[in-house]
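Residues in the first sequence are numbered from 65 upward in steps of one, following this note's numbering.
Ideal Cβ positions, reconstructed from N, Cα and C, are used throughout, including at glycine.
Given the structure is predicted, the values throughout are model-derived calculations rather than measurements.
To start, the structure itself, in structure tokens.
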Amino acid sequence: MANENKKLVEDITPMEVDFAQWYTDIVRKAELSDYSCVKGCMVIQPAGYALWENIQRELDRRFKETGVENCYMPVFIPESLLQKEKDHVEGFAPEVAWVTEGGMEPLTEKICVRPTSETLFCDYYSRSIHSYRDLPKLYNQWCSVVRWEKTTRPFLRSREFLWQEGHTAHATAEEAKERTEQMLNLYADFCEEVLAIPVVRGQKTEKERFAGAIATYTIEALMHDGKALQSGTSHNFGDGFARAFNIQYSDKNNQLQYVHQTSWGVSTRIIGAIIMVHGDDDGLRLPPRIAPTQVIIVPIQQKKEGVLEKAYALRDELLEKGFRVKVDDGDKSPGWKFADCEMRGIPLRIEVGPRDLENGQAVLVRRDTREKTTASLEGIGETIGKLLEDIQHNMYDMAKKHLEAHTFPATNIEEMEKILDEQTGFVKAMWCGCRECEDAIKEKTGATSRCIPFAQEHISDVCVNCGKPATKMVYWGRAY
RNA sequence: CGGGGUGUGGCCCAGCUUGGUAGGGCGCUUGAUUUGGGAUCAAGAGGUCGCAAGUUCAAAUCUUGUCACCCCGACCA
């Protein structure tokens with residue numbers, strides 16, 4: 065190439081060279097997020113926010129199908145309220161941001177910026193639940209929360225991040241348990257069907273459990289570099305919070321009972337997962353179902369008679385059919401536009417030029433495989449619909465293969481160390497269930513327990529660390 | 001909080017050892033020719049070299065202080 069040193073879109077650092085740099089490159093170059101003037105916080109740019117809007121729309125639709133309603137709680141929590149549940153305060157105290165003044169006056173009681181809203185929902189529930197007729201409460205809120213993290217990375221960990229947090233209150237423990245599992249499965253289905261990210265569904269160990277919960281369920285996804293990312297959680301609180309906040313109702317026999325609660329959340333972190341599961345050396349790859357722009361039309365020799373008109377007509381035809389389409393009618397060269405839309409991850413590109421107009425066709429290029437085909441303009445909507453579906457499924461299949469190829473069974477600690485030393489990914493191994501072994505495994509291998517999958521497998525009879533009888537098969541790995 | 005590194009037009013960097021008052025590439029602006037994988041030519045705009053003090057006839061360059069950012073640890077759903 066004669067102009068190799070004059071590339072207009074800078075190349076992305078190859079992912080096998082430095083995954084962290086590759087990730088940062090993509091975030092910046094695809095204009096998903098930029099640095100903020102507030103340390104540890106991020107600016108989410110329109111391209112990144114559009115992804116979040118699509119995630120919100122799809123999750124909201126699924127929530128509502130299960131009876132969940134949206135609401136909104138204050139951004140501030142009084143200190144006394146935060147401290148009502150002992151485990152909960154201890155879990156969050158180190159990373160809470162405090163407000164001590166209002167205007168020029170010191171506050172009589174300091175308040176914190178919510179790190180999560182359990183306490184606010186509990187306070188509200190304690191005042192609004194009286195009878196079994198008030199149950200269940202199925203509330204969700206979309207908001208941001210603040211956790212003063214020491215080290216931060218865009219989308220994966222920032223001091224303020226966007227999320228949704230669902231908080232439910234139920235009459236019985238069974239109902240709460242069912243809801244916890246239902247929401248976890250909802251998240252898992254969403255990840256697999258919409259984001260094309262295969263996940264491992266399961267339960268957290270006691271060590272990794274949410275502060276104040278009796279059970280925490282999780283979906284764990286495997287990033288391209290072999291590290292795990294917790295992509296959604298669902299907690300069963302039992303009646304612990306209800307006792308701390310005195311949330312009681314009268315049952316049918318007029319007996320006072322404590323409610324049983326759950327909470328569940330997904331954050332903008334999931335955008336980090338999309339990048340790290342699907343991205344490649346040319347940039348982002350977005351699954352069609354979540355892509356803000358699904359199809360980009362690139363006109364070739366656009367000043368020639370009829371080219372731009374055809375591009376706009378095609379766009380209008382596809383918009384009519386419900387596709388999210390844009391025309392790149394800028395005056396960059398076609399090669400520049402190709403590289404640009406590949407970097408931004410647009411699933412399908414359509415090229416139309418004078419030659420195509422003559423033949424009544426267009427060139428289709430898919431982002432996932434870069435495969436180039438020509439299609440007749442006649443009935444092109446149907447062709448594109450099929451192609452987008454195929455891309456969606458292919459991306460899931462590729463990610464699934466990666467997950468399977470990077471999950472290794474281990475029966476003893478030496479084997480486990482060797483795998484984690486030479487490979488990247490999950491290790492599945494048996495565990496006796498004690499905290500000491502879990503700590504020892506982290507000490508020896510650097511891996512933490514990711515989850516106790518619902519789909520249990522029998523790998524051996526004894527714990528991978530201590531050799532005593534095993535109770536559970538656990539996924540282990542290094543995590544983000 | 002420890003250990004290391006970097007601050008020079010919008011971006012990436014050279015210059016610093018051996019002081020002489022700033023340079024390249026990309027981008028940007030204007031015009032022309034171009035357009036099926038990252039265009040070409042021509043002209044042009046843009047910087048008190050992170051900040052402060054000191055040494056000197058003279059500091060991007062040397063000294064001291066300071067601030068910011070990055071990496072590795074530690075910490076962290």
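Between residue 298 and the set 470, 139, 314, 279, the nearest pair of CA atoms involves 279. Look at residue 211 here: in three-state DSSP terms it is coil, with no helix or strand label.
DSSP places residue 88 within a helical segment (H, G or I) once states are collapsed to three.
Following the DSSP letters along the chain, one finds residue 456 in no beta strand (DSSP E) but inside the alpha helix (DSSP H) bounded by residues 444-469.
A Cβ-Cβ distance of about 10 Å is found for the pair residue 90 and residue 97, leaving them out of contact under the 8 Å criterion.
For residue 303, there is no enclosing alpha helix (DSSP H), as DSSP marks it with neither H nor E. Closest option to residue 267, judged by alpha-carbon separation, among 432, 376, 543, 519: 519. Counting only runs of at least 4 residues, the stretch 92-168 fully encloses the following alpha helix (DSSP H) elements, listed from N- to C-terminal order: 110-129, 143-146, 150-156. Between residue 365 and residue 411, the gap from beta carbon to beta carbon reaches 9 Å or more.
In the three-state reduction of the DSSP assignment, residue 200 falls in the coil class, being assigned neither a helical nor a strand state.
Annotation: the continuous beta strand (DSSP E) that includes residue 226 extends over 224-234. Annotation for residue 211: 159, 179, 223 place their beta carbon closer than 7 Å to its own, counting only its chain and skipping 5 residues before and after.
By the Cβ rule, the stretch 189-206 counts as touching the stretch 307-315, because three or more pairs are nearer than 8 Å. Three or more Cβ pairs closer than 8 Å define a contact, and the stretch 328-344 falls short of that threshold against the stretch 385-393. Around the beta carbon of residue 486, fewer than 16 other beta carbons sit within 10 angstroms, so the residue counts as exposed. Beta-bridge pairing by DSSP links residue 493 to 538. Residue 195 carries a strand assignment under DSSP once its states are collapsed to helix, strand and coil. Here residue 226 has 116, 208, 331, 332 as same chain residues with Cβ atoms under 7 Å from its own Cβ, once five neighbours each way along the sequence are excluded. Three or more Cβ pairs closer than 8 Å define a contact, and the stretch 367-377 falls short of that threshold against the stretch 344-353. Here DSSP, grouped into helix, strand and coil, assigns residue 258 to coil.
Restricting attention to 148, 339, 114, 251, the CA atom closest to the CA of residue 185 is found in 148.
Around the CB of residue 522, fewer than 16 other CB atoms lie within 10 Å, so the residue is classed as exposed. Nearest to residue 475 by C-alpha distance, out of 483, 163, 307, 528, is 528.
Residue burial annotation: residue 495 is buried, with at least 16 other C-beta atoms found within 10 angstroms of its C-beta.
Cβ neighbours of residue 506 within its own chain (closer than 7 Å, five residues either side excluded): 512.
One Cα belongs to residue 174, the other to residue 325, and the distance between them is close to 27 Å. Taking C-beta atoms as the reference points, residue 263 and residue 283 count as a pair closer than 9 Å.
Between residue 275 and residue 156, the beta carbon gap of about 6 Å places them in contact (Cβ cut-off 8 Å). Taking a cut-off of 8 Å on C-beta distances, the stretch 423-438 does not touch the stretch 235-255, as fewer than three cross pairs fall below it.
Nearest neighbour of residue 145 by Cα position, chosen from 188, 167, 133, 131, turns out to be 188. Going by beta carbons, residue 285 and residue 467 fall inside the 9 Å limit. Under the three-state reduction of DSSP, residue 368 is assigned to coil, being neither helix nor strand. Linking residue 126 to residue 361 through their CA atoms gives a straight-line distance of about 32 Å. Between residue 291 and residue 502, the C-beta spacing is not below 9 Å.
Secondary structure at residue 280: strand, using DSSP grouped into helix, strand and coil. Here residue 267 carries a strand assignment [DSSP, helix/strand/coil].
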